[in-house]
Structure formats: C-alpha cells, structure tokens
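Enquirer:
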Amino acid sequence: MMRQLLTFILLALLISCQLETSKKSDWAEYETRHDRISLESVKKENRKLELFFIDSSTYFNHIITGQIGQLSIHELKLYEKGQYDSVKFHFETPIRDDSVAWIYVSSRHFEQFQEKFSDTTFSNFINDFMSLNWKHRDFYREEYSSLLDWVNTFFAIKIREKYKGQIDETAYFFGFDCYDIFIQYFKECKSGQYGEATEFVNLIQYDTTYINEEIRTELVNLIESYCN
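And the structure:
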C-alpha cells in the first residue's frame, strides 16, 4: 500500500513538472491591443503550448486571430526554437453561437511565424502598428472592425485586382495577412530591390475607400519611418 502511495505521489509530481499554467495576473500590463480579443491564460504541457483568448468579435476571423496569437507569443517571450511540437490558440466566443474556436499550428509553421519577429525592423514596426490599431479602436468599434482588419482587407482586395481571373473572387475573404506583406516590404527596403510587396504597400497612400484619411496619413508616416 505504501509503495502504491509513493508511486502515485511521484507520478503526480512528474505531471506537475510537465504542466505549467499561467493566468492573466502574471502579465497584468500586457494587452493584445485589439479591441475585441484578450489573452486570458497560457498552458505549457510536455511539448505543447496553448494560449487561451476571449474573442468578442461577431464572427471568427482566422487571419486576425492568428496574427494576435503570433504577436502574443513574441511579446511574452514564449518562443524558443525546438521547444514545442505544437501550438494551439483557443478562442472563447461569448457572443457567437459556437462557444469556442481554435487554431492549431504545427511546430514547423510556428517557427516560420516566429522567425519573422527576429527581424527587429519588422517586430518594432508591428509593435507600433498595433499601438495605432489600439489608438483608433473607437473609430472602428461601430463596424465591429479594426485598423488591422482593414489593412488585411485592403491587401486582399489589391491582390485580387492584380490577379483578376487567376485567383478566385472569394480568395482571401477574411483578408490577407499583412504580416507577410510587411516582412517582405522591409526586406525590399533594406536591399533596395523593390518588388510586389513595395507595390502593394505604396498603394495605401492613394486609397480613399478603405482606410480613413487621417488614420491613413498616420499609417503611411509610420511605414515610411521604418523604410529609410
């Protein structure tokens, strides 16, 4: 009986060593800088990383939730190469019919995502861009949207226009991940070899339909400050 009890205690200790859960109180100052998505807890178990969010958006946008998840991992320094076999983002959705949504990311894709943030120009820009997103949250609140959403949408529309007839009209229905455009854009800035990313980013300054003029001016000035 004593041997069984000791075995049980050792097993419990082993499990507790492999499971680490932290709640929002552990990062009280952290904000996702998105009006409708907040990070509630993080769980590390064996070689799995799970982040739990509350998403009060009216519909699930996997592009935006993926962006918020990537940025949270970077800013909370949860990433270390080879540390996890899988990453999962959970989104509790209190105002939608489905009570929860989630995104599963393989370790390979997870590392590709996080490698973007090793570029300090890109990571610093995204930090400032998300602060701009938060600054103008009231402007987009009535539309249940955000600056981040509109930039993703803008790029999706311009890509569809350029490749009209080559890609489906419904492609990028939820937008195109602006992280992918901006990381390539800053690489082109550094090399001086301007390509498609520069083409799409430069279109922002001429837009009169998708992004408010005052906000657009702030965004263009921010982008230009990182490309010099």
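Heads up: the sequence shown is residues 0 to 227, going by numbering that gives the first Met the number 0.
We treat Cβ as the ideally placed atom computed from N, Cα and C, and that holds for glycine.
1) Can you give me the C-alpha to C-alpha distance between Thr92 and Phe51, rounded to a whole angstrom?
2) Could you tell me the boundaries of the alpha helix (DSSP H) in which Lys134 lies?
3) Nearest to Asp96 by alpha carbon, out of Ile210, Thr57, Asp206, Glu114?
4) Lys41 to Phe153, Cα distance in whole Å?
5) Can you find the residues in the same chain that come closer than 6 Å, C-beta to C-beta, to Leu48, ignoring five residues on each side of it along the sequence?
6) For the beta strand (DSSP E) holding Leu38, just list the boundary residues, first then last.
7) If we count Cβ pairs, one from each stretch, closer than 8 Å, do we get three or more for the region 116-131 versus the region 181-200?
8) Do you know whose CA, among Tyr162, Lys161, Lys163, Tyr171, lies nearest Asn151's CA?
9) In this structure, how does DSSP classify Glu91 when only helix, strand and coil are distinguished?
10) Got a sec, what are the start and stop residues for the alpha helix (DSSP H) Glu195 sits in?
11) How would you write the range of the beta strand (DSSP E) that Glu49 sits in, first residue to last?
12) Between Phe112 and Gln69, what straight-line distance do the alpha-carbon atoms span, to the nearest angstrom?
13) State buried or exposed for Asp167, treating a residue as buried only when at least 16 other CB atoms are found within 10 Å of its CB.
14) Helix, strand or coil for Lys163? Go by DSSP, reduced to three states.
15) Residues in its own chain within less than 7 Å of Leu248 by CB, not counting five upstream and five downstream?
16) Could you give the residue range of the beta strand (DSSP E) that holds Ser105?
Expert: A quick look at the data gives this:
1) Within the sequence shown, numbered from 1, the residue matching residue 92 stands at position 93. Within the sequence shown, numbered from 1, the residue matching residue 51 stands at position 52. Cα to Cα, Thr92 sits roughly 11 Å from Phe51.
2) The residue you call residue 134 lines up with position 135 of the sequence shown. 119-134 is the span of the alpha helix (DSSP H), which, as asked, contains Lys134.
3) The count along the sequence shown starts at 1 and reaches residue 96 at position 97. Per the Cα distances, Thr57.
4) Here residue 41 corresponds to residue number 42 of the sequence shown, with the count starting at 1. Here residue 153 corresponds to residue number 154 of the sequence shown, with the count starting at 1. It is worth fixing the name first, because residue 41 is Val in this sequence and not Lys. C-alpha separation (whole angstroms): 32 Å.
5) Position 49 of the sequence shown, counted from the first residue, corresponds to residue 48. Beyond the five residues adjoining it in sequence on each side, Leu48 comes within less than 6 Å, by CB distance, of Tyr83, Val86 in the same chain, given in chain order.
6) Against the sequence shown, residue 38 aligns to sequence position 39. Its beta strand (DSSP E) spans residues 36-44.
7) Short answer: they touch.
8) If you number the sequence shown from 1, residue 151 lands on position 152. Checking every option, the nearest Cα to that of Asn151 belongs to Tyr171.
9) As a first step, residue 91 is located in the sequence shown; it is residue number 92 there, counting from the start. Residue state, collapsed to three classes: strand.
10) Residue 195 sits at position 196 when you count from the first residue of the sequence shown. Glu195 -> alpha helix (DSSP H) spans 195-201.
11) Position 50 of the sequence shown, counted from the first residue, corresponds to residue 49. Where Glu49 is concerned, the enclosing beta strand (DSSP E) stretches over 47-54.
12) For the purposes of this step, residue 112 is taken as residue 113 along the sequence shown, with counting starting at 1. For the purposes of this step, residue 69 is taken as residue 70 along the sequence shown, with counting starting at 1. The straight-line gap from Cα to Cα measures roughly 7 Å.
13) Position 168 of the sequence shown, counted from the first residue, corresponds to residue 167. By the 16-neighbour rule on beta-carbons within 10 angstroms, Asp167 is exposed.
14) Working through the sequence shown from its first residue, we reach residue 163 at position 164. If DSSP states are grouped into helix, strand and coil, Lys163 belongs with the strands.
15) This structure gives no information on residue 248, because the portion of the chain shown stretches from 0 to 227.
16) The residue given as residue 105 occupies position 106 in the sequence shown. Here the beta strand (DSSP E) through Ser105 covers 99-105.
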